Ligand code: FES
């Protein structure tokens, strides 16, 4: 019954939770600052274009989310549906790929 | 009998399908819930099935659902749990009903074995007694979980068990936590491997119903959290 995959996924979810706490805090702080300053979309983009700091913040944000959320979804599906474990893993993996694709597309939109 | 001297007890009768049947039982000071079912069986309906052995909170066999919560009944005073003068008694949750208040405990005990919740030693009768320092950190961890009486109250209280029937449950995991903290046990690796999965300690959501309901005041949730940490460290060290 020992499952190495289960253990590594569990640890990955904890580690990405930690990363999300940091990046979401930076994100929210920035949003509040930007709204108070009344910056336009164009002005925001002018700050983020070519800026490696924002690329790394939002890059880690979407990567952490793309790992963290599907692992949680996997647990929910295992507990609440009768889908077999292999099927649940496939769904979670597909969802991870979708989140990573959409997230990185947005991040690259800010950077490039 | 006046209203104050009487208890209105509704008791689950039947198996998986059945119904609640109403009984009126004289009320006394210092009456336990087990006294109530015993009265019903002796004086009102001898066909009522329930289980008990010690009547003093040691054997763990008298557990059932009392007014919606899992409880040991031999040490649960009616005074503390009656809803006015009403008592509702049904079998424990998460285990198949055999008849009336009796559940089939097989899955509960099978999971103890699946979790390798048993002492593994390489010692023989020729060896001297192992010496364990009672004040060592490990021993103190084990002591916190050692008094489990296998009543399955935590198992019945656990939502994860009801969502995921393969989940080992709080009692078996608590037992493994005491064993991996037992300096005399020779197979920490086997115990850990048995619980390192989604059906083992990683499945716990930390909802703490086990802690809330354990009649012995144990905290299986804390033990399971300890198992998660130990399993994670073992995986990082490549020991799993
Ligand atoms: S009868 Fe033994 S614990 Fe209740």
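Protein chains in written order, with the numbering used here: chain Y, 22 to 133; chain V, 993 to 1232.
Beta carbons are placed, not taken as given, at the ideal position from N, Cα and C, and that holds for glycine.
From a predicted model like this one, the values you see are computed outputs, not experimental measurements.
Exercise. Per DSSP, what kind of secondary structure is residue 86 of chain Y in: helix, strand or coil?
Worked result: Position 65 of the first chain, counting from 1, holds the residue named residue 86 of chain Y. Helix at residue 86 of chain Y.
For this session: Spell out whether any CB of chain V is found under 9 Å from the CB atom of residue 35 of chain Y.
Result: Mapped onto the first chain, residue 35 of chain Y falls at position 14. At least one chain V Cβ lies under 9 Å of residue 35 of chain Y.
Problem set entry | residue 1091 of chain V in three-state terms, based on DSSP | Here the question's residue 1091 of chain V lines up with position 99 in the second chain. Strand, per DSSP.
For this session: Mind listing the chain Y neighbours of residue 1155 of chain V? Cutoff is C-beta to C-beta under 9 Å, in chain order.
Result: Here residue 1155 of chain V refers to the residue found at position 163 when the second chain is read from its first residue. 99, 100, 101, listed in chain order.
Exercise. Ends of the beta strand (DSSP E) at residue 1062 of chain V?
Worked result: Position 70 of the second chain, counting from 1, holds the residue named residue 1062 of chain V. Looking at the DSSP string, the run of the beta strand (DSSP E) that includes residue 1062 of chain V is 1061–1063.
Exercise. What residues from chain Y crowd round residue 1171 of chain V, counting only those whose CB sits closer than 8 Å?
Worked result: Taking the second chain and counting its residues from 1, the one referred to as residue 1171 of chain V is at position 179. Per Cβ cutoff of 8 Å: no residues; residue 1171 of chain V is ~16 Å from chain Y at best.
For this session: Measuring alpha carbon to alpha carbon, tell me which of V:1141, V:1174, V:1169 ends up nearest residue 1128 of chain V.
Result: Within the second chain, residue 1128 of chain V is the residue found at index 136, counting from 1. Residue V:1174 is the option with its Cα nearest to residue 1128 of chain V.
Problem set entry | Secondary structure, alpha helix (DSSP H): runs of 4+ residues fully inside the segment 1132–1170 of chain V | 1145–1149, 1151–1155
For this session: Flag residue 1047 of chain V as yes when its Cβ comes closer than 8 Å to any non-hydrogen atom of the ligand FES, and as no otherwise.
Result: Start at 1 with the first residue of the second chain, and residue 1047 of chain V comes out as number 55. Yes, Cβ of residue 1047 of chain V sits closer than 8 Å to a heavy atom of the ligand FES.
For this session: Consider the C-beta atom of residue 1057 of chain V and the heavy atoms of the ligand FES; say whether any pair is separated by less than 8 Å.
Result: Counting from one through the second chain, the residue named residue 1057 of chain V turns up at place 65. Incorrect: residue 1057 of chain V has no Cβ contact closer than 8 Å to the ligand FES.
Problem set entry | Touch test, the segment 84–92 of chain Y against the segment 109–119 of chain Y, Cβ-Cβ under 8 Å, three pairs minimum | yes
For this session: Using a Cβ-Cβ cut-off of less than 9 Å, list which residues of the segment 1014–1039 of chain V approach chain Y; keep chain order.
Result: none
Exercise. Within this structure, are the beta carbons of residue 1197 of chain V and residue 1151 of chain V separated by less than 9 Å?
Worked result: The count along the second chain starts at 1 and reaches residue 1197 of chain V at position 205. The count along the second chain starts at 1 and reaches residue 1151 of chain V at position 159. Yes, they are a contact pair.
Exercise. Helix, strand or coil: which one does DSSP assign to residue 1018 of chain V?
Worked result: Here residue 1018 of chain V refers to the residue found at position 26 when the second chain is read from its first residue. Strand at residue 1018 of chain V.
Exercise. Quick one: which chain V residues come within Cβ less than 8 Å of residue 55 of chain Y?
Worked result: Along the first chain, read from residue 1 onward, the residue named residue 55 of chain Y stands at position 34. Residues of chain V passing the Cβ test: none, with the nearest at roughly 36 Å.
Problem set entry | Whole-number beta carbon distance between residue 1223 of chain V and residue 28 of chain Y, since they are thought to touch under 8 Å | Taking the first chain and counting its residues from 1, one reaches residue 28 of chain Y at position 7. Taking the second chain and counting its residues from 1, one reaches residue 1223 of chain V at position 231. Yes, they are in contact, since the Cβ atoms of residue 28 of chain Y and residue 1223 of chain V sit about 6 Å apart, within 8 Å.
For this session: Can you tell me the Cβ-Cβ gap for residue 87 of chain Y and residue 124 of chain Y, rounded? I've got them flagged as a contact below 8 Å.
Result: On the first chain, residue 87 of chain Y is found 66 positions in, with the first residue counted as 1. On the first chain, residue 124 of chain Y is found 103 positions in, with the first residue counted as 1. Contact holds; Cβ gap of about 6 Å.
For this session: Thinking residue 1141 of chain V and residue 1051 of chain V are a contact (beta carbons under 8 Å), I'd like their distance in whole angstroms, please.
Result: For the purposes of this step, residue 1141 of chain V is identified with residue 149 of the second chain, where counting begins at 1. For the purposes of this step, residue 1051 of chain V is identified with residue 59 of the second chain, where counting begins at 1. Correct: roughly 7 Å between the Cβ atoms.
Problem set entry | Same chain only: Cβ atoms within 6 Å of residue 1216 of chain V, ignoring 5 sequence neighbours per side | Residue 1216 of chain V sits at position 224 when you count from the first residue of the second chain. Result list for residue 1216 of chain V: 1165, 1193, 1196, in chain order.
Problem set entry | Where residue 77 of chain Y meets chain V, residues with beta-carbon distance less than 7 Å | Residue numbering aside, residue 77 of chain Y sits at position 56 when the first chain is read from its first letter. Within 7 Å Cβ-Cβ: nothing; residue 77 of chain Y doesn't reach chain V, min ~25 Å.
Exercise. In chain order, what residues of the same chain have a beta carbon less than 7 Å from the beta carbon of residue 1010 of chain V, not counting five sequence neighbours either side?
Worked result: Sequence index remark: in the second chain, residue 1010 of chain V carries index 18 (1-based). Same-chain partners within the cutoff: 1004.
For this session: Please confirm if the segment 1013–1030 of chain V is in contact with the segment 1057–1071 of chain V, defined as three or more CB-CB distances below 8 Å between the two stretches.
Result: yes
For this session: Check whether the Cβ of residue 32 of chain Y lies closer than 9 Å to any Cβ atom in chain V.
Result: Start at 1 with the first residue of the first chain, and residue 32 of chain Y comes out as number 11. Chain V contact via Cβ: present.
Exercise. Taking Cβ positions, are residue 55 of chain Y and residue 43 of chain Y nearer each other than 9 Å?
Worked result: Walking along the first chain from the start, residue 55 of chain Y turns up at place 34. Walking along the first chain from the start, residue 43 of chain Y turns up at place 22. Cβ distance not < 9 Å, so residue 55 of chain Y and residue 43 of chain Y don't count as in contact.
For this session: Compute the distance between the beta-carbons of residue 1232 of chain V and residue 1148 of chain V, then report whether it is under 9 Å.
Result: For this step, residue 1232 of chain V is matched to residue 240 along the second chain. For this step, residue 1148 of chain V is matched to residue 156 along the second chain. Not a contact, by the Cβ cut-off of 9 Å.
For this session: Compute every distance between the C-beta of residue 1050 of chain V and the non-hydrogen atoms of the ligand FES, then say whether any falls below 8 Å.
Result: In the second chain, the residue the question calls residue 1050 of chain V occupies position 58. Because some heavy atom of the ligand FES lies under 8 Å away, the Cβ of residue 1050 of chain V counts as near it: yes.
Exercise. Helix, strand or coil: which one does DSSP assign to residue 1100 of chain V?
Worked result: Here residue 1100 of chain V is taken as the residue at index 108 of the second chain, counted from 1. Three-state result, residue 1100 of chain V: helix.
Exercise. Any idea if residue 62 of chain Y is buried or exposed, counting beta-carbon neighbours within 10 angstroms, 16 or more meaning buried?
Worked result: As a first step, residue 62 of chain Y must be located in the first chain, where it is residue number 41. Exposed: under 16 other Cβ atoms inside 10 Å.
Problem set entry | Given residue 1135 of chain V as reference, the closest of V:1211, V:1008, V:1227, V:1034 once Cα atoms are compared | Position 143 of the second chain, counted from the first residue, corresponds to residue 1135 of chain V. The option with the nearest alpha carbon to residue 1135 of chain V is V:1211.
Problem set entry | Outcome for residue 53 of chain Y when other beta-carbon atoms lying within 10 angstroms are tallied against a minimum of 16 | Residue 53 of chain Y sits at position 32 when you count from the first residue of the first chain. By the neighbour-count rule (16 or more Cβ atoms within 10 Å), residue 53 of chain Y is not buried but exposed.
Exercise. Hey, residue 1091 of chain V and residue 1161 of chain V are a contact pair by Cβ (cut 8 Å); roughly how many whole angstroms apart?
Worked result: Taking the second chain and counting its residues from 1, the one referred to as residue 1091 of chain V is at position 99. Taking the second chain and counting its residues from 1, the one referred to as residue 1161 of chain V is at position 169. Not a contact, Cβ separation roughly 23 Å.
For this session: Quick one: grab the DSSP three-state call for residue 22 of chain Y.
Result: Working through the first chain from its first residue, we reach residue 22 of chain Y at position 1. In this prediction, residue 22 of chain Y scores a pLDDT of 44, lower than 50, which makes its location untrustworthy; no coordinate-derived value is stated.
For this session: Measure how close the beta-carbons of residue 1001 of chain V and residue 1079 of chain V come, nearest whole angstrom, since I'm counting them as under 8 Å.
Result: Sequence index remark: in the second chain, residue 1001 of chain V carries index 9 (1-based). Sequence index remark: in the second chain, residue 1079 of chain V carries index 87 (1-based). That pair is a contact at about 5 Å.
Exercise. Going by Cα to Cα distance, which pick from Y:96, Y:46, Y:69, Y:47 is closest to residue 114 of chain Y?
Worked result: Residue 114 of chain Y sits at position 93 when you count from the first residue of the first chain. It is Y:96 whose Cα lies nearest to the Cα of residue 114 of chain Y.
Problem set entry | Beta-carbon neighbours of residue 1312 of chain V, restricted to chain Y and to distances below 7 Å | Chain V is shown from 993 up to 1232; residue 1312 of chain V falls before or after that span and cannot be answered.
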